[in-house]
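Structure first, commentary second.
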Amino acid sequence: QGYPDSLLDVPFDRSFAVRGLHFDQKTGFLLKLDMFNKIVLDCVYHGRRQVSTLEIIERYQGTRVSPAYMNINLRMMTDKFCLPEATLYADAMQACMNHGLEFSPPNVFSDVRTCIEQLHLTGELHSE
Numbered sequence: 178q179g180y181p182d183s184l185l186d187v188p189f190d191r192s193f194a195v196r197g198l199h200f201d202q203k204t205g206f207l208l209k210l211d212m213f214n215k216i217v218l219d220c221v222y223h224g225r226r227q228v229s230t231l232e233i234i235e236r237y238q239g240t241r242v243s244p245a246y247m248n249i250n251l252r253m254m255t256d257k258f259c260l261p262e263a264t265l266y267a268d269a270m271q272a273c274m275n276h277g278l279e280f281s282p283p284n285v286f287s288d289v290r291t292c293i294e295q296l297h298l299t300g301e302l303h304s305e
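In our numbering, the protein residues as written are 178 to 305.
Here is the structure:
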């Protein structure tokens with residue numbers, strides 16, 4: 178799908194993602210929200226780059242995410258099976274950025290979800 182071949186060589190980093198992250202399909206940010214939809218400012222990433230507080234505030238016009246925005250743009254990842262998924266979003270975008278390739282966060286989201294669904298449907302994930 179146009180991703181750098183080097184993405185295949187990126188080792189899985191078990192320490193990167195935590196439960197409860199959200200993937201913002203509009204911005205490509207991985208972010209953690211508290212129970213009041215307030216952004217945890219030291220837990221926002223674009224690829225593997227930690228996003229600055231200023232950039233967060235500019236992007237979301239503050240430190241809270243509205244329920245309407247959440248419903249349209251955010252994928253909540255709450256269980257341990259979502260940790261590799263969150264890491265893959267970050268790694269795919271980082272690989273594109275490292276190679277100077279343009280990418281669309283909604284397309285990255287769609288590509289990752291399609292790959293995960295294919296792995297489950299074909300049984301490849303469970304054959305090794």
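Each residue gets a CB set at the ideal place from its N, CA and C atoms; glycine is no exception.
Check	Outcome
Between the CA atoms of Asp-256 and Ser-183 - distance to the nearest angstrom	28 Å
Selected residue, minimal CA-CA separation from Val-195, among Pro-181, Leu-210, Asp-186	Leu-210
Beta-carbon spacing of Phe-286, Phe-200 below 8 Å	yes
C-alpha distance - Glu-301 paired with Glu-235, whole-angstrom precision	42 Å
Cα-Cα separation, Val-217 to Cys-292	29 Å
Buried versus exposed, by CB contacts within 10 Å (16 or more), Pro-283	exposed
Sub-8 Å separation of Arg-252 and Gln-202 beta-carbons	yes
Rounded C-alpha distance that separates Gly-239 from Tyr-222	17 Å
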